[in-house]
Each structure stands twice: as C-alpha cells, then as structure tokens.
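Visitor: Sharing a structure, written as structure tokens. Questions coming.
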Amino acid sequence: MLGSGMSMPQEILVVEDEPDIRKLIVLHLERSGFRCRTAATGPEALHAARSRPPHLVVLDLLLPEMDGLEVCRRLRADPATGRVPIVMLTARADEIDRVVGLELGADDYIAKPFSPKELVARVRAVLRRSQPQEAARVLVAGRVRLDAGRHVVEVDGHPVELTPKEFDLLQALLASAGRVLSREHLLNGVWGYARADEIESRTVDVHVRRLRGKLGGEGRRIVTVKGVGYRLDAD
Ligand code: CA
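Here my numbering is used: position 60 in the sequence shown is 157, and no number is missing along the way.
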C-alpha cells in the first residue's frame, strides 16, 4: 500500500490467545512492513482498539472470556472503532457464514490453518479497499493513465493488463513523477519488505522491465537512474 503505508507503517492489532500463532502472525506482518500490537483476550482487544484505533484488526474467533464474534460486534458498535477493518481467523468452516454475515461485518476471514503469506495478502487487500479516497485517484503521464479506483491502466485509452505488483509499481512511480525512487523505497512500498537484499532488489528490476514492455512506447518514461533506482518522467 502506498501513501500512508510508505512513510508511516500501518498498525495492526493482532488478537489471538495462542502465543505461537500470535507470534507467527506478528512476525510475518512486521516482516511485511506493518507495525503490530497484540491482545490475547476479547476485553484486552477492545481496550487496545479503543485507546488507539489501529488501521486493521486480525481477530481470532475462539478467544477466552469473550469470543471473536462478540469482539467484532462491539468494535463495530463503537464510533471510535466502527470503521476499523477486521480480518477474522476461524478454525471451523461452518462458522464462516456467520463471520462474513452482513450483521457482523467482518471485512474478510481466513480459515485455520492458514499460510502467513495469504494472511498478509488479505490484510493488504482489505486495507486497500478501506481507503477509498486514496484509491479514487487518477494519475496521468503522457498517454499513460492509471485509475486507482477502477484499478485500470490505459495507454491511449486502451487497457493494459498488469499484474498487481506491476500496477502498484506504476502507481508508485506515477505518484512521484519526476523524482527518483530507490529500489529500497519501492521494495518497502510496493512489496512491503522492511529490508532489501540483492535478490529482492533484482525483483524490482525484473518488474520494471516487464512494465516497460507492457506500456509499449510509453515504457521509455520509466528511466533507470544508475546505482539508485527509477524515475518516471511525466513530460
Ligand atoms: Ca484462539
């Protein structure tokens, strides 16, 4: 996620009573550039969320004292936390219908056992959906037009098929048109890596190459700045 996510890490409240799972979730979210707070019970979660509303709550369904459904309901009912997105964790397939039910209003759910990568992807997707003002932006450079709200890129009015990462990369470059973005900056903002090694830096290069190819003649707008990173020239 770009914008606020790039300069200041977004904060996730992780609510899970099982310490191993909690640690695993925190590890993967932090590795992806998020900051985490944790709670092990429902009341703790409500207190943490009310004292400082997080950007998103990862909420386990089975908790001691107060279950996740009740925590979710109370978060929704409180004006301070009513709009904080919630991703539910559930171990039972038969509970999923209730979790995603309209009355409850969890934004997404993941069934246990889950892959941490999948969890991070869901968290990102929910955060992206929950930021309509930012998503509504349209960015233009020459004949390239990126409509973040519709998630569409066009060159000369013709849609260009991009992978999600290519899209995010182009959005980052367009949003900072004329300025050089380092590989580290892009890895952090687009890929969510806190640190970058050599292999990950090459990931950026590969995606830029593909993106240029897909943009055709307009691909030349993405300029390689040797030893630093990339810049998109708008004119
Ligand atoms: Ca649990």
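The beta carbon of each residue, even a glycine, is placed where N, CA and C say it ideally should be.
(1) Kindly indicate which residue of H304, D205 and R132 has the alpha-carbon position closest to the one of V223.
(2) Is E115 near ligand 1, going by C-beta to nearest heavy atom under 6 Å?
(3) Does any heavy atom of ligand 1 sit closer than 6 Å to the C-beta of D164?
(4) Name the two residues that bound the continuous beta strand (DSSP E) containing R173.
(5) Between D253 and ligand 1, is the CB less than 6 Å from at least one heavy atom?
(6) With DSSP run on the structure shown, which of helix, strand or coil describes G314?
(7) Quick one: measure Cβ to Cβ for A188 and K214, integer angstroms, because I've assumed they're closer than 8 Å.
(8) Could you say if the region 311-318 and the region 155-174 meet the contact criterion of at least three C-beta pairs nearer than 8 Å?
(9) On the three-pair Cβ rule with 8 Å, is the region 280-287 touching the region 295-305?
(10) Can you tell me where the beta strand (DSSP E) holding S129 begins and where it ends?
(11) For G324, count the other beta carbons within 10 Å of its own beta carbon; 16 or more makes it buried, fewer makes it exposed. Which is it?
(12) Check this for me: beta carbons of A145 and A136, under 7 Å apart or not?
(13) To the nearest angstrom, how far is it from the Cα of F131 to the Cα of V154?
(14) Might you give, ordered along the chain, the residues of its own chain that have their beta carbon closer than 8 Å to the beta carbon of P256, omitting 5 neighbours on each side?
(15) What first and last residue would you give for the beta strand (DSSP E) that runs through E108?
(16) Excluding five sequence neighbours on each side, which residues of the same chain lie with their C-beta closer than 6 Å to the C-beta of S227?
(17) Considering only the alpha carbon of each residue, which of E167, P151 and L166 lies closest to Q177?
(18) Exposed or buried, which one is L212 when buried takes at least 16 other CB atoms within 10 Å?
(19) Considering just the uninterrupted stretch of the alpha helix (DSSP H) at A188, what are its terminal residues?
(20) Leaving out five residues before and five after R234 in sequence, what residues of the same chain have Cβ atoms less than 6 Å from its Cβ?
(21) Could you check if D157 belongs to the surroundings of ligand 1, using beta carbon to heavy atom distance under 6 Å?
(22) Whole angstroms is fine: what's the gap from F264's alpha carbon to W288's?
(23) For F264, would you say it is in contact with chain B, using Cβ-to-Cβ distances shorter than 7 Å as the test?
(24) Please determine, among R240, V252, K311 and V220, the residue with the shortest C-alpha to C-alpha distance to D332.
Guide: Here's the rundown:
(1) Counted from its first residue, the sequence shown places residue 223 at position 126. Taking only the C-alpha atoms, the option nearest V223 is D205.
(2) One-based indexing of the sequence shown puts residue 115 at position 18. At least one heavy atom of ligand 1 is nearer than 6 Å to the Cβ of E115, so yes.
(3) Indexing the sequence shown from 1 puts residue 164 at position 67. Answer for D164: no, Cβ out of range of ligand 1.
(4) Here the question's residue 173 lines up with position 76 in the sequence shown. Here R173 belongs to no beta strand (DSSP E); instead the alpha helix (DSSP H) covers G165 to A174.
(5) For the purposes of this step, residue 253 is identified with residue 156 of the sequence shown, where counting begins at 1. False, no ligand heavy atom lies under 6 Å from that Cβ.
(6) As a position in the sequence shown, residue 314 is number 217, starting the count at 1. Reduced to three states, the DSSP call for G314 is helix.
(7) Your numbering for residue 188 matches position 91 in the sequence shown. Your numbering for residue 214 matches position 117 in the sequence shown. Incorrect: roughly 19 Å between the Cβ atoms, too far for contact.
(8) no
(9) yes
(10) Here residue 129 refers to the residue found at position 32 of the sequence shown. Unbroken run through S129: none, as it is neither H nor E.
(11) What you label residue 324 is simply residue 227 of the sequence shown in a count that begins at 1. With fewer than 16 other Cβ atoms within 10 Å, it is exposed.
(12) Here residue 145 is taken as the residue at index 48 of the sequence shown, counted from 1. Here residue 136 is taken as the residue at index 39 of the sequence shown, counted from 1. A contact, by the Cβ cut-off of 7 Å.
(13) By 1-based counting over the sequence shown, the position of residue 131 is 34. By 1-based counting over the sequence shown, the position of residue 154 is 57. The straight-line gap from Cα to Cα measures roughly 12 Å.
(14) One-based indexing of the sequence shown puts residue 256 at position 159. Cβ within range, chain order: V249 and V250.
(15) Taking the first residue of the sequence shown as position 1, residue 108 is located at position 11. Element bounds for E108: E108 to V112.
(16) Residue numbering aside, residue 227 sits at position 130 when the sequence shown is read from its first letter. Closer than 6 Å at Cβ, skipping near neighbours: P182.
(17) Translated into the one-based positions of the sequence shown, residue 177 becomes position 80. It should be noted that the sequence gives Ala, not Gln, for residue 177. Ranking the options by Cα distance to A177, first place goes to P151.
(18) Position 115 of the sequence shown, counting from 1, holds the residue named residue 212. Just to set this straight, residue 212 is Ser in the shown sequence, not Leu. S212 comes out exposed.
(19) Numbered from 1 along the sequence shown, position 91 holds the residue referred to as residue 188. Note, A188: premise wrong, no alpha helix (DSSP H); not H, not E.
(20) On the sequence shown, position 137 is the one that residue 234 refers to. For R234, where only same-chain residues beyond five positions count, the Cβ hits under 6 Å are A245.
(21) Position 60 of the sequence shown holds residue 157. Under cutoff, so the answer is yes.
(22) Position 167 of the sequence shown, counting from 1, holds the residue named residue 264. Position 191 of the sequence shown, counting from 1, holds the residue named residue 288. Their backbone Cα atoms lie some 12 Å apart in a straight line.
(23) Considering every chain present, this structure includes no chain B. It has just one protein chain.
(24) The sequence position of residue 332 within the sequence shown is 235, counting from 1. For the residues R240, V252, K311 and V220, the minimum Cα distance to D332 belongs to R240.
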